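Residue numbers (the numbering used here): 1 to 95.
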């Protein structure tokens, strides 16, 4: 069964192709671009969150390690300050 020449001619008409191209350009491309940008933003936020958590935990672990080992450079005030900073960062990250 051969395609109807009238239908084929109508589908191959330059105006129809122009309208289809305009619809693709006006609707589909911006939609895909927005989805990609949203995905990138989510990845940036997750990466930033992981960095903040890692920094906070490492600082506290190092303060505890120095306190346990009895490092002379870590006074009780510095340990308390490290604990306070950790609690503050924990609250900020949690919000």
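Ideal Cβ positions, reconstructed from N, Cα and C, are used throughout, including at glycine. Please read all numbers here as calculations on a predicted model, not as lab measurements.
Would you identify the three-state DSSP class for residue 13, choosing helix, strand or coil? coil
Where the alpha helix (DSSP H) through residue 53 begins and ends: 29 to 69
Mark residue 63 as exposed unless 16 or more other C-beta atoms lie within 10 angstroms of its C-beta, in which case mark it buried. buried
If we count the other Cβ atoms within 10 Å of its Cβ and call it buried at 16 or more, is residue 82 buried or exposed? buried
By Cβ distance below 7 Å, which residues in the same chain neighbour residue 41 in space, the five residues on each side in sequence not counted? none
Excluding sequence positions up to five away, which residues of its chain have a Cβ less than 8 Å from the Cβ of residue 9? none
Mind reading off the beta-carbon distance from residue 90 to residue 56? Whole number of angstroms is fine, and I expect it under 8 Å. 7 Å
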